[in-house]
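Asks: A single structure is presented below for examination.
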Amino acid sequence: MTKVSFCGISGSGMSALAQILKLRGNEVYGSDRSFDQGKDEANKKALEEIGIVIKPQDGSAVADNLETLYVSTAVEDSIPDVKAALEKNVPIKKRSDLLAEIFASYPHNIAVGGTSGKSTVTAMIGYILDCAGKNPLVINGALLKNYEKRPGIPNVVLNNGRCCVIEADESDGSIEKYTPYIAVINNISLDHKPINELQTLFGDFARRAVKG
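Residue numbering for the sequence shown follows my numbering, starting at 7 and increasing by one per position.
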């Protein structure tokens, strides 16, 4: 069992990964400025109900024996948790690095890319595979309507099969970290990056796929 913490744990990407590690038997801590401000109470309650320990974002979520502090791209070095990790020499990793590690561990992994519609298509593929008895791991950037009654935040479905379905985000460039068995590209349109950069990102993404 490992001991990890998530800075910004209320975010959709962070909360999904935190839940996976907790449900796999790890000791998981987390903090979020929104919790300190009295916001996102439903998320806080859902995470605590599955055993994740929520701390104030004052550095207390970073213990000396912490294995890793996970952060999102929106987290600054001035945040107390990050400062505490740097002072204690606790390794700091990006959310996308953990997602890439989990994704790569599945032989039949499906990454859904595109400028828009990723959450919807990810949910659809995951639900179809689940109904077909493939027992997929589904990691989504939005809530999954068919799984609202499960404990925790319903943006992840943790099963024990050989399939994994995720969103591949191009906005922060993390799409470059995934080598999927199947790559899905919904569309390419002007949004976070110029079209020529998007064409390169999505083109490379498609070429890395084992199955186009």
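All C-beta atoms in this analysis are idealised placements derived from N, C-alpha and C, irrespective of residue type, glycine included.
Between L207, F12, G57, which lies nearest to E73 when the distance is taken from Cα to Cα?
Replies: To locate residue 73, count along the sequence shown from 1; it is residue 67. Measuring from the Cα of E73, the nearest candidate turns out to be F12.
Asks: Who are the near neighbours of D175 in its chain, counting only those whose CB is closer than 7 Å to its CB and skipping five residues on each side?
Replies: Residue mapping note: residue 175 aligns to position 169 of the sequence shown, counting from 1. These residues qualify, in order along the chain: I181.
Asks: Quick one: what does DSSP say A106 is sitting in, helix, strand or coil?
Replies: For the purposes of this step, residue 106 is taken as residue 100 along the sequence shown, with counting starting at 1. Of the three classes helix, strand and coil, the one that applies to A106 here is helix, per DSSP.
Asks: Would you say V144 and V163 are within 7 Å of each other, going by their C-beta atoms?
Replies: As a position in the sequence shown, residue 144 is number 138, starting the count at 1. As a position in the sequence shown, residue 163 is number 157, starting the count at 1. Yes. Within cutoff.
Asks: In angstroms with no decimal places, state the Cα-to-Cα distance between T126 and Y153.
Replies: Stepping through the sequence shown from its first residue, residue 126 is reached at position 120. Stepping through the sequence shown from its first residue, residue 153 is reached at position 147. Between T126 and Y153, the C-alpha separation is close to 14 Å.
Asks: For a minimum of 4 consecutive residues, which ranges assigned as the alpha helix (DSSP H) are wholly contained in the stretch 104-179?
Replies: Taking only runs of at least 4 residues, the alpha helix (DSSP H) segments lying wholly in the stretch 104-179 are 124-137.
Asks: Would you kindly report the start and end of the unbroken beta strand (DSSP E) that includes L75?
Replies: Locating residue 75 in the sequence shown gives position 69, where the first residue counts as 1. 74-77 is the span of the beta strand (DSSP E), which, as asked, contains L75.
Asks: Relative to the alpha-carbon of Y184, which residue among N192, N202, A212 has its alpha-carbon at the smallest distance?
Replies: Position 178 of the sequence shown, counted from the start, is the residue given in the question as residue 184. Minimum Cα distance to Y184 is reached at A212.
Asks: Name the DSSP beta bridge partners of S195, please?
Replies: Indexing the sequence shown from 1 puts residue 195 at position 189. Answer is none; S195 lacks a bridge partner.
Asks: With DSSP collapsed to three states, give me the class of I26.
Replies: Position 20 of the sequence shown, counted from the first residue, corresponds to residue 26. Here I26 sits in helix by DSSP.
Asks: Between I5 and F109, what straight-line distance do the alpha-carbon atoms span, to the nearest angstrom?
Replies: A question about residue 5 goes unanswered here, because the residues of the chain that appear run from 7 up to 218.
Asks: Taking the DSSP output, what are the residues bridged to F12?
Replies: The residue you call residue 12 lines up with position 6 of the sequence shown. Answer is G36, Y76.
Asks: Count the CB pairs spanning the stretch 30-37 and the stretch 92-106 that are closer than 8 Å, and state whether there are at least three.
Replies: Touching, no.
Asks: Can you give the beta carbon distance from C170 to P142, rounded, assuming they're within the 8 Å contact cut?
Replies: Walking along the sequence shown from the start, residue 170 turns up at place 164. Walking along the sequence shown from the start, residue 142 turns up at place 136. Sure, about 6 Å apart at Cβ, within 8 Å.
Asks: Quick check: I56 and P157, are their CB atoms within less than 7 Å of each other?
Replies: Stepping through the sequence shown from its first residue, residue 56 is reached at position 50. Stepping through the sequence shown from its first residue, residue 157 is reached at position 151. It is a contact, given that the beta carbons lie within the stated cut-off.
Asks: Report, in whole angstroms, the separation of the C-beta atoms of G14 and D46, which I expect to be a contact under 8 Å.
Replies: Within the sequence shown, residue 14 is the residue found at index 8, counting from 1. Within the sequence shown, residue 46 is the residue found at index 40, counting from 1. So it is not a contact: roughly 11 Å between Cβ atoms.
Asks: When we look at the beta-carbon of L204 and count the other beta-carbons within 10 Å, is it buried (16 or more) or exposed?
Replies: Position 198 of the sequence shown, counted from the start, is the residue given in the question as residue 204. Its Cβ being crowded by 16 or more others within 10 Å, L204 is buried.
Asks: For G147 versus S16, is the C-beta spacing smaller than 7 Å?
Replies: The residue you call residue 147 lines up with position 141 of the sequence shown. The residue you call residue 16 lines up with position 10 of the sequence shown. No, the pair does not count as a contact, with Cβ atoms beyond the cut-off.
Asks: Would you call the CB atoms of A117 and L150 closer than 7 Å?
Replies: Numbered from its first residue, the sequence shown carries residue 117 at position 111. Numbered from its first residue, the sequence shown carries residue 150 at position 144. No, they are not a contact pair.
Asks: Which two residues bound the contiguous beta strand (DSSP E) that contains I98?
Replies: In the sequence shown, counting from the first residue as 1, residue 98 sits at position 92. Where I98 is concerned, the enclosing beta strand (DSSP E) stretches over 98-100.
Asks: Taking the alpha-carbon positions, what's the T8 to Y187 distance?
Replies: One-based indexing of the sequence shown puts residue 8 at position 2. One-based indexing of the sequence shown puts residue 187 at position 181. Answer to the nearest angstrom: the Cα atoms are 28 Å apart.
Asks: Can you name, in chain order, every residue of its own chain whose Cβ lies under 7 Å from the Cβ of A91, other than the five neighbours on each side?
Replies: To locate residue 91, count along the sequence shown from 1; it is residue 85. Closer than 7 Å at Cβ, skipping near neighbours: V68, L75, I98.
Asks: Quick one: give me the first and last residue of the alpha helix (DSSP H) that E82 is part of.
Replies: Within the sequence shown, numbered from 1, the residue matching residue 82 stands at position 76. Counting along the chain, E82 falls outside any alpha helix (DSSP H), and DSSP gives it neither H nor E.
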